[in-house]
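> Take this structure, written in structure tokens, and hold onto it; I'll ask about it next.
Numbering (UniProt numbering), first residue to last: 1 to 280.
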């Protein structure tokens, strides 16, 4: 769902785009294919029986143990993948077709890392595991991958035919103040999300029905990743959220962003009530 332009939080303004628009998407597939660059755009046709679930065992024994350092193929993209999120991709660039052939014979996992022309390539990313794939004509691939553990690049091992890096796993550390209510904070964030959906629907002329269970019994850490994955229109803010190593800090930041969004939508709704003909 496309929301109006937002005024960034002063404390985080340097992490937003100049004209930030937060796209809060609450569908099972978190990523909008329109946000993917043209050479990775979602293959827009239904999956058929030719797509099979890739259930092979991980032969490289990649473990989420934070003390492990492993080598991982890296796929730089102009988007941020979060643990638990679903990402569809069409692979047709030659070097990444080579990577796919290797992955399908071995571990099925690669690193997705955010890159853009202004800030370059980040050093923190998320593992994408291929859960379904279809081999298309002329050796292209359509894949669906799911975000797994986060990682930090330690050093580049090679750049050809595709990027391979030595990475270390990244995990959230316990929050500094054990007295704070993590569950309560997660519930507040969910409440803000529901209010944003309701007001956004109202402004877009849709029924103001109550949003369902957004938490879906997720613990605070995976829920914080889910919330971050919905901020599609602000990839630099998403990257900042992905890099945080404290669930409490991540949820507080998301709460502030949602609260700013809610204030903006409330003001826009009030204007619409006073000047209904001015609404688009």
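Idealized CB from N, CA, C, for every residue including glycine.
Are the CB atoms of residue 235 and residue 80 within a distance shorter than 9 Å?
On the chain shown, position 80 is the one that residue 80 refers to. On the chain shown, position 235 is the one that residue 235 refers to. Against a cut-off of 9 Å, the Cβ pair of residue 235 and residue 80 comes out as a contact.
> Once the 5 residues before and after residue 172 are set aside, which same chain residues still bring their CB inside 7 Å of it?
The residue labelled residue 172 in the question sits at position 172 within the chain shown. 221, 245, 246, 247, listed in sequence order.
> So, helix, strand or coil for residue 114, using DSSP?
The count along the chain shown starts at 1 and reaches residue 114 at position 114. Residue state, collapsed to three classes: strand.
> Identify every residue that forms a DSSP beta bridge with residue 74.
The residue labelled residue 74 in the question sits at position 74 within the chain shown. Paired residues: 111.
> May I ask which residues mark the beginning and end of the alpha helix (DSSP H) holding residue 173?
Reading the chain shown from its first residue, position 173 is the one you call residue 173. It is not in any alpha helix (DSSP H) - residue 173 carries neither H nor E in the DSSP assignment.
> Please state if the CB of residue 191 and the CB of residue 182 are separated by a distance shorter than 9 Å.
One-based indexing of the chain shown puts residue 182 at position 182. One-based indexing of the chain shown puts residue 191 at position 191. Residue 191 sits away from residue 182, with the two beta carbons spaced by 9 Å or more.
> Taking a contact to mean a Cβ-Cβ separation below 9 Å, would you say residue 274 touches residue 251 in this structure?
By 1-based counting over the chain shown, the position of residue 274 is 274. By 1-based counting over the chain shown, the position of residue 251 is 251. It is not a contact, given that the beta carbons lie outside the stated cut-off.
> Within the same chain, show all residues whose beta-carbon is closer than 7 Å to that of residue 130, passing over the 5 residues directly before and after it, in chain order.
Working through the chain shown from its first residue, we reach residue 130 at position 130. Contacts found: 54, 103, 108, 143, 145.
> For residue 268, which three-state DSSP category applies?
Taking the chain shown and counting its residues from 1, one reaches residue 268 at position 268. It is helical.
> So what does DSSP say about residue 222, is it helix, strand or coil?
The sequence position of residue 222 within the chain shown is 222, counting from 1. Residue 222: helix per DSSP, three-state reduction.
> From the DSSP output, which residues share a beta bridge with residue 184?
Along the chain shown, read from residue 1 onward, the residue named residue 184 stands at position 184. DSSP, once it has assigned bridges, lists no residue as partnering residue 184.
> Looking at the unbroken beta strand (DSSP E) that takes in residue 121, where does it start and where does it end?
By 1-based counting over the chain shown, the position of residue 121 is 121. Where residue 121 is concerned, the enclosing beta strand (DSSP E) stretches over 120 to 135.
> Using the DSSP secondary-structure output, state which residues sit across from residue 91 in a beta bridge.
As a first step, residue 91 must be located in the chain shown, where it is residue number 91. Answer is 141.
> Looking at the strands, I want to know which residues DSSP matches up with residue 146.
On the chain shown, position 146 is the one that residue 146 refers to. 86, 129, per the DSSP bridge assignment.
> Which of helix, strand or coil does DSSP assign to residue 165?
As a position in the chain shown, residue 165 is number 165, starting the count at 1. Strand at residue 165.
> Nearest CA to the CA of residue 127: which residue from 233, 165, 185, 210?
To locate residue 127, count along the chain shown from 1; it is residue 127. For residue 127, the nearest C-alpha among the options comes from 165.
> With DSSP run on the structure shown, which of helix, strand or coil describes residue 261?
To locate residue 261, count along the chain shown from 1; it is residue 261. In the structure shown, residue 261 sits in a helix (DSSP, three-state: H, G or I).
> Can the beta-carbon of residue 111 be found closer than 9 Å to that of residue 86?
Here residue 111 is taken as the residue at index 111 of the chain shown, counted from 1. Here residue 86 is taken as the residue at index 86 of the chain shown, counted from 1. It is not a contact, given that the beta carbons lie outside the stated cut-off.
> Can you pull the DSSP bridge partners for residue 151?
Position 151 of the chain shown, counted from the start, is the residue given in the question as residue 151. Beta-bridge pairing links residue 151 to 125, 169.
> What number of angstroms, rounded off, separates the C-alpha of residue 154 from the C-alpha of residue 262?
For this step, residue 154 is matched to residue 154 along the chain shown. For this step, residue 262 is matched to residue 262 along the chain shown. Rounded to whole angstroms, residue 154 to residue 262 spans 39 Å at the Cα level.
> Starting from residue 241, follow the alpha helix (DSSP H) in both directions and report where the run begins and ends.
Taking the first residue of the chain shown as position 1, residue 241 is located at position 241. Start and end: 235 to 243.
> Considering only C-alpha positions, which residue in the set 101, 114, 98 is nearest to residue 238?
The residue given as residue 238 occupies position 238 in the chain shown. Considering only alpha carbons, the answer is 114.
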